[in-house]
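Using my numbering, the first residue of the sequence shown is number 10, and each one after it goes up by one.
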Amino acid sequence: MKKEVEEKKVTTMKDIAREANVSAATVSHVINQTKHISEPTRNRVLEVIKRYNYVPNSAAKNLRQQSTKTAGLVVSSFPDTFVTEMIFAIEQRAKETGYNLLLVNTNEDRDYEEKTINLLHSKLVDGIILSPTSNDIGYLQKYTNEDFPIVMVNRYESSIENIPRVTGDNFQLGYDATNHLLKHGHKKIGFIYSYPNVSTTNDRISGYKDALTHHNIPIREDFIVQGFAKAEEARAAVEQLLTTDNEISALFVQNDLMTIGAISKLKELNLSIPEDMAIIGFGDFSSSEIIDPPVTNILLPPDTIGRTAFDVLLNKMNNPHYMTHIELPPSLLIRNSCGC
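Okay, structure coming up:
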């Protein structure tokens with residue numbers, strides 16, 4: 010543990026010099042090959058540099074003046090159709106513009122995300138598109154302070170400076186889906202989300218609550234349950250909601266696997282859709298229209314979001330001061346599961 014703490018602290022040329030027991034000037038001469046340094050000293054400095062994966066800022070900036078034509082794409086997970094289609098669109102746009110794309114799935118692991126960003130940065134990709142695992146991304150500030158191009162896609166955190174973003178309007182998404190169910194006369198609506206403390210979840214919950222408030226319906230925090238973006242966990246979420254209040258008559262479910270799990274559980278309980286339980290899902294997965302009954306979904310355009318995100322990254326790479334936040338509107342694809 011002590012060694013890990015020490016490694017995190019060694020980030021500057023002075024730290025390398027102290028570790029190698031030489032002057033900072035000596036480290037600079039070794040890196041830039043501007044003066045003869047004895048072989049033992051040179052090897053000692055290089056060993057410390059290698060041990061701590063140190064990339065000198067000046068060297069990195071010089072190298073970044075020459076484009077590698079490679080970008081990084083770091084996503085928190087891709088368990089559903091929406092994220093998969095967004096990734097495909099980013100890949101296609103990168104290919105069209107002559108870029109290679111390095112794709113990493115962090116699987117909702119925040120520490121792995123930070124290590125991945127550091128690795129991509131040290132390998133001198135031209136820029137990174139990131140869908141973060143959480144709001145805890147303060148570590149990005151050191152990169153954006155160097156004008157290293159980063160764009161956030163789908164999820165975002167507004168506290169980090171100098172990062173443009175491309176997202177859907179998730180507040181409006183939450184409001185519109187809930188409002189549609191309310192217009193059908195439902196007053197007790199369960200909300201099944203994937204992951205907490207991310208902008209997509211937070212904004213959709215805010216929209217859900219705002220719609221309830223506008224209809225003078227009390228907000229029940231115990232009607233908001235996590236389904237972990239998986240079918241089996243969504244089955245458990247449905248059971249939890251109905252145990253909480255068996256008068257819940259509608260569900261708003263936040264990804265396709267959870268929608269499938271929720272429908273499976275309702276059928277196991279011999280509850281009819283939409284007569285006993287109305288459902289609105291998110292994202293139009295391929296089996297939505299052949300499920301009995303066909304599933305009503307609220308949508309964001311993954312293709313447009315993905316392609317736009319790569320274009321924003323190109324703009325950011327060409328102009329370090331480029332800053333824009335693009336938010337695309339949702340649309341409701343109405344089928345029978347909501348009662349229409």
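The beta-carbon is built from N, C-alpha and C at its ideal position, and this holds for glycine as well.
Using 8 Å for Cβ pairs, my map puts residue 347 next to residue 189. What's the rounded Cβ distance? For residue 347 against residue 189, the beta-carbon gap comes to about 6 Å, under 8 Å, which counts as contact.
Measure the beta-carbon distance from residue 195 to residue 258 and round it to whole angstroms, keeping in mind my assumption that it falls under 8 Å. For a cut-off of 8 Å, the C-beta gap from residue 195 to residue 258 is around 5 Å, short enough to register as a contact.
Runs of 3 residues minimum, wholly inside the segment 146 to 181: which ones carry the beta strand (DSSP E) assignment? Qualifying beta strand (DSSP E) stretches, in chain order: 159 to 162, 174 to 177.
So the alpha helix (DSSP H) residue 76 belongs to, where does it begin and stop? Counting along the chain, residue 76 sits inside no alpha helix (DSSP H), nor does DSSP assign it H or E at all.
On the CB-based measure, 16 or more other CB atoms within 10 Å of its CB, does residue 109 come out buried or exposed? The residue in question, residue 109, is exposed, as its Cβ has fewer than 16 Cβ neighbours within 10 Å.
Rank 334, 167, 288 by C-alpha distance to the C-alpha of residue 343 and give the top, closest one. 288 is the residue among 334, 167, 288 whose C-alpha sits nearest the C-alpha of residue 343.
Give me, in chain order, the residues of the same chain whose beta-carbon lies closer than 7 Å to that of residue 163; leave out the 5 immediate sequence neighbours on both sides. Cβ within range, chain order: 95, 140, 176, 209, 314.
Measure from the alpha carbon of residue 81 to the alpha carbon of each residue in 88, 104, 187, 226, then state which is nearest. Minimum Cα distance to residue 81 is reached at 104.
Contact defined as beta carbons within less than 8 Å: I believe residue 239 pairs with residue 290. What is the distance between those atoms, to the nearest angstrom? Actually they do not touch by this definition, with Cβ atoms about 14 Å apart.
Could you check whether residue 275 and residue 292 sit closer than 8 Å to each other, using their CB atoms as the reference points? Cβ distance not < 8 Å, so residue 292 and residue 275 don't count as in contact.
Report yes if the CB atom of residue 201 is closer than 8 Å to the CB atom of residue 150, and no otherwise. No, the pair does not count as a contact, with Cβ atoms beyond the cut-off.
Please report how far the alpha carbon of residue 339 lies from the alpha carbon of residue 179, in whole angstroms. Between residue 339 and residue 179, the C-alpha separation is close to 8 Å.
If you measure between the beta carbons of residue 266 and residue 89, is that distance less than 8 Å? Result yes, Cβ atoms of residue 266 and residue 89 sit closer than 8 Å.
Once DSSP output is grouped into helix, strand and coil, what is the label at residue 184? Reduced to three states, the DSSP call for residue 184 is helix.
Quick one: using the 10 Å Cβ neighbour count with 16 as the cut-off for buried, is residue 296 buried or exposed? Residue 296 should be labelled exposed.
Taking the CB atoms as reference points, tell me whether residue 204 and residue 183 lie closer together than 8 Å. In this structure, residue 183 does not lie closer than 8 Å to residue 204 by Cβ.
Contact the segment 154 to 168 vs the segment 124 to 141: 3+ CB pairs below 8 Å: Yes, they touch.
Once you ignore the five residues that flank residue 237 on each side, which residues in its own chain have a CB closer than 7 Å to its CB? In the same chain as residue 237, and ignoring 5 residues on each side of it, the C-beta atoms closer than 7 Å to its own belong to 203, in chain order.
So if DSSP puts residue 38 in a beta bridge, which residue, or which two residues, is it bridged to? By DSSP's assignment, residue 38 forms no beta bridge with any residue.
According to DSSP, is residue 304 helix, strand or coil? Look at residue 304 here: in three-state DSSP terms it is coil, with no helix or strand label.
As assigned by DSSP and simplified to three states, the class of residue 143: Coil at residue 143, not helix or strand.
Reference residue 273; option with closest CA among 336, 25, 247: Among 336, 25, 247, the Cα nearest to that of residue 273 belongs to 247.
I'd like to check one pair, residue 261 with residue 335: are the Cβ atoms closer than 8 Å? Their beta carbons are not under 8 Å apart, which means residue 335 does not touch residue 261 by this criterion.
Enumerate in chain order the residues of its own chain whose CB-to-CB distance from residue 302 is below 8 Å, with the five nearest sequence positions on each side excluded. Within the same chain, Cβ atoms closer than 8 Å to the Cβ of residue 302 are found at 282, 283, 344, 345, 346, the five residues on either side in sequence being excluded.
Contacting residues, own chain, Cβ-Cβ under 7 Å from residue 146 (five flanking each side not counted): Excluding positions up to five away in sequence, the list reads 166, 169.
Going by beta carbon distance, what residues of the same chain come within less than 6 Å of residue 333, once the five residues before and after it are set aside? Cβ within range, chain order: 173.
Find the nearest neighbour of residue 127 within the set 62, 77, 245, judged by alpha-carbon distance. The closest CA to that of residue 127, considering only 62, 77, 245, is found on 62.
For the putative contact between residue 41 and residue 143, defined by C-beta atoms under 8 Å, what is the C-beta separation to the nearest angstrom? For a cut-off of 8 Å, the C-beta gap from residue 41 to residue 143 is around 39 Å, too long to register as a contact.
Taking only runs that begin and end inside the segment 76 to 113, name each unbroken beta strand (DSSP E) of 3 or more residues, in chain order. Every beta strand (DSSP E) of 3 residues or more that sits fully in the segment 76 to 113 is shown, in chain order, as 79 to 84.
Which residues does DSSP list as the beta-bridge partners of residue 235? Under DSSP, residue 235 forms a beta bridge with 202.
Whose CA, out of 83, 45, 97, lies closest to the CA of residue 111? If we check each option's Cα against that of residue 111, 83 comes out closest.
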